[in-house]
Amino acid sequence: MLEEAGVYASEEEDLTEEQMEIREKAGLIRKEKAVIRHKHRLNKHRNRTPVSDRVIMKKQGIKRARSLSRVDPETAMEIDAKMQTKKSKPGRDISGLRDAKQVKEVKRLKKRSQIKMNQFGRAGEADRHISAKLPKHLFSGKRGAGKTERR
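Basically my numbering = 1-based index in the sequence shown + 1154.
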């Protein structure tokens, strides 16, 4: 009945050339995004696996200690120097400071500000209190009507 009435009849949409062009470009963009997603999923595991020291040494052309014993001393010294040139970052406590003088001043201020907190942090005689696990005033006596929610 509804088919005869024309409810389900699908008329072809009349698209202009601009609209057709836009749809084609949209399709290309979707395909490109799908390719990018696929590449990312392929490389995903590589970003999460830890790299061992041995692999890093191999990439840098550094040999292990066992094979260094077979190498002449001069070459071994060069390889040791290569291994020791790894630069380490400055600590987070001194990373934003200009010079050693400023570092010294910051450490002094840090120490001074900590003194008061340390004084308040000590447990005194009053702090050494064992609280009752079963408070007497709540658990003594007969239960009356309507008193069960407190137990």
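Where is the CB? At the ideal position from N, CA and C, for every residue including glycine.
Is DSSP giving residue i helix, strand or coil here?
| i | result |
| --- | --- |
| S1249 | coil |
| L1156 | helix |
| R1200 | helix |
| E1186 | helix |
| L1292 | helix |
| E1232 | helix |
| H1192 | helix |
| G1278 | coil |
| S1242 | coil |
| S1206 | coil |
| I1176 | helix |
Could you compute how far the alpha carbon of residue i sits from the alpha carbon of residue j?
| i | j | result |
| --- | --- | --- |
| G1300 | P1289 | 19 angstroms |
| E1158 | T1170 | 30 angstroms |
| L1182 | L1156 | 38 angstroms |
| H1194 | A1188 | 10 angstroms |
| Q1214 | H1199 | 23 angstroms |
| M1271 | K1264 | 11 angstroms |
| R1306 | V1205 | The shown model of the chain, from 1155 to 1305, leaves out residue 1306, and the question about it has no answer. |
| E1232 | L1196 | 39 angstroms |
| I1269 | R1262 | 11 angstroms |
| G1295 | G1278 | 35 angstroms |
| K1212 | E1228 | 20 angstroms |
| K1255 | F1274 | 30 angstroms |
| E1172 | D1207 | 57 angstroms |
| H1192 | K1185 | 11 angstroms |
| T1203 | A1180 | 36 angstroms |
Please list, in chain order, all residues of the same chain as residue i whose beta carbon is under 7 angstroms from its beta carbon, the five residues on each side excluded.
| i | result |
| --- | --- |
| V1257 | I1248, L1251 |
| I1284 | none |
For residue i, I'd like the list of residues in its chain whose CB is within less than 6 angstroms of its CB, leaving aside the five on either flank, ordered along the chain.
| i | result |
| --- | --- |
| V1161 | none |
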